[in-house]
Structures are given as structure tokens and as C-alpha cells.
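Asks:
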Amino acid sequence: MSEVSSAVIARAPEAPLAFITGASSGIGQALALRYHRAGWRLALVARRAAELQQWADAQGLPRERVAVYGADVRDVAAITATGRACIAAQGLPDVVIANAGISVGIDTADAADLEVLRSIYETNNIGMAATFQPFVAAMCARGHGTLVGVASVAGIRGLPGHGGYCASKAAVISYCESLRGECRPHGVKVVTIAPGYVDTPLTQKNRYSMPFLMSAEAFADRAFAAISAGVTFRVIPWQMGVVARLLRVLPDALFDRLLAGRPRKHRQST
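Numbered as in the numbering used here, the sequence shown ends at 274 without a single skipped number.
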């Protein structure tokens, strides 16, 4: 028996795995492609799994490295089951990106918009927590991993007509900050990414100017770098980070005056 044939040949380690929700369009798709280019395996989640699979195939994403799961993050049982299925089929992810979200205006004077508000919170907040839930204990036991919450600059101050969206993203920021403190002792990082204006199907409906608008691909490049660096909080692009810092300290009277007459965000019925 030769030395080569009798030697124990170590199996090459698998590529890292990224679990991404809201992967059927916009930021989610751009992040999926960015992680794929970096050599990562992918677990992609969206409500419309068939359409997501068609897109993945069209992009040439190999099925042996990219798994597609169908789940609505508002359905806690479905999204948590999806997380467990991912662990069983692909292993525990290295990065989990809770990106799924909706953006729509509300009018509190309209009783029908209370259900719209419920949907925003169920998607942007409960959906994020449910996305993370299957992975938190396992990552902490392993001693490493990264949970990424996609917030928004809109979570810094409340904008007229944006009450539901701004409140939900402010909650994302606070929630991720709390989770970061819980996970840090166990070696697990929690990263909050706050996009400014990114050119996606969501923002294309906006009826107001969008300063520093950037492509989803450019956003994904910068988000990938921030997540890899393990930053705690990052506004993308940096120019919107400056705006965010100014908004935080702006006196209410001046803030209200600047926002007076600004077009409201489109509502679900408009």
C-alpha cells in the first residue's frame, strides 16, 4: 500500500453559507449575487419560491450551492421551519440576513390603514425576529456567526406619511442593538445596516426626491464589506450617514419646518 493511498486525506472545508430573506427582488437579489461572487453557498428565501428559483437559474447559480425556500416571514411557523430546514439540509449559516420588508404609507385617520400598519410590523419586525430565531441558540453554542438586520435611514426620525415604516425601522434598530448585547458574550455578531435610497421596485414608487440614490448592486458591495468587517451599525451610502447624524440632533421645530409640505409616501390604495 503506497504512502499516498494509506494517508488520511482531509476533506476540504465547505464554503461559508449565507441565509437571505426577501431574495426575490431588489436588495435581496443584489446581496445574493454579491455573496455568490465571493464564493459563498446560499439559502435564499422568498414568498414566491418558483419565481426565485427561475431567477437563480437564469443567473447561473448552481443548485448544488444555492437552495431556494418558499416562506412568508409574516408566517412565524413557516419562516422558523424554513430556518430549521436550512440547518438540516445545508448546515448552520455563517451569516443570516433578515432583509424581507415592506414600505408603504399610512393615514391613521383611515381605519383601513390600521391593518396596513399591522402588516408592516408583522413583516418588518416580527418577521425579522422569526428569521433569526432558529439560528440564535445554535450560533451562540458554536461561538460565532453574524445576524444582520436591514433597517433604514427612515428609522432615525419620523417622516410625515411614513409613520408605519419609520416606526418599524426604528424598532429594527433598537431590536438589533438589544440582540447585539445578548449575543456578544457568545461570539455572535449582530450587524445593523441602514440603507438610504436604493433603486429598487419599492423606491421606484416614491413621489419625492431621493438624494444620493444608489443602485442595488453598489449597495450590496458596501453592505457585504460592512458585514464582513462586523460593524455594529452602518448607514449606506456614507452621505446618508451624515444626513442621519444631522437628523438625530435637529431641533423638533426646525425638523417640522423642513418637512412641511413634503409629499407623503404612497399608500397601499394609491
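A virtual CB, placed ideally from N, CA and C, is assigned to each residue, including glycine. Remember, predicted model here, so these are calculated numbers, not experimental data.
How big is the Cα-Cα spacing for Ala277 and Arg238?
Replies: With the chain covering 5 to 274 only, the question about residue 277 has no answer from this structure.
Asks: Tell me, which residues are paired with Leu151 by DSSP?
Replies: In DSSP, Leu151 forms a bridge with Val100 and Val194.
Asks: Apply the 10 Å Cβ neighbour rule to Pro189 and answer buried if 16 or more other Cβ atoms are within range, or exposed otherwise.
Replies: Classification for Pro189: exposed.
Asks: What span of residues does the beta strand (DSSP E) with Ile24 cover, start to end?
Replies: Per DSSP, Ile24 belongs to the beta strand (DSSP E) from Leu21 to Thr25.
Asks: With DSSP as the reference, please indicate the residues paired to Met218 in a beta bridge.
Replies: Its beta-bridge partners are Val202.
Asks: Rounding to the nearest angstrom, what Cα-Cα distance links Ala227 and Ala22 in this structure?
Replies: Taking the straight line from one Cα to the other gives about 13 Å.
Asks: If we count the other Cβ atoms within 10 Å of its Cβ and call it buried at 16 or more, is His148 buried or exposed?
Replies: So His148 counts as exposed.
Asks: Could you spell out where the alpha helix (DSSP H) holding Val70 opens and where it closes?
Replies: First-last for Val70: Val70 to Gly74, but that is the beta strand (DSSP E), not the alpha helix (DSSP H).
Asks: Tell me, please, whether the stretch 101 to 112 touches the stretch 163 to 178 by the rule of three or more beta-carbon pairs shorter than 8 Å.
Replies: Touching, per the Cβ criterion.
Asks: Tell me whether Arg88 sits in a helix, a strand or coil according to DSSP, three-state version.
Replies: DSSP places Arg88 in helix when its eight states are reduced to three.
Asks: Rounding to the nearest angstrom, what Cα-Cα distance links Trp242 and Ala141 in this structure?
Replies: Their Cα atoms are separated by approximately 33 Å.
Asks: Taking the CB atoms as reference points, tell me whether Val152 and Ile197 lie closer together than 8 Å.
Replies: Yes, these two residues count as a Cβ contact at 8 Å.
Asks: Would you mind working out which of Arg52, Cys180 and Cys144 sits nearest Thr236, comparing C-alpha positions?
Replies: Among Arg52, Cys180 and Cys144, the Cα nearest to that of Thr236 belongs to Cys180.
Asks: So, at 6 Å on beta carbons, what are the nonlocal neighbours of Val194 in its own chain, with the 5 sequence-adjacent residues on each side left out?
Replies: Leu151, Cys180, Leu183, Arg184 and Cys187, listed in sequence order.
Asks: What are the complete beta strand (DSSP E) segments, minimum 3 residues, inside the stretch 28 to 67?
Replies: Here the runs fully enclosed are 45 to 50.
Asks: So, are the CB atoms of Gly74 and Ala50 less than 8 Å apart?
Replies: Cβ distance < 8 Å, so Gly74 and Ala50 count as in contact.
Asks: How should Asp256 be labelled, buried or exposed, when 16 other C-beta atoms within 10 angstroms of its C-beta is the threshold for buried?
Replies: Under this definition Asp256 is an exposed residue.
Asks: Could you check where the beta strand (DSSP E) with Ile240 kicks off and where it finishes?
Replies: That run of the beta strand (DSSP E) goes Phe237 to Ile240.
Asks: Quick check on DSSP: helix, strand or coil for Gly109?
Replies: Strand.
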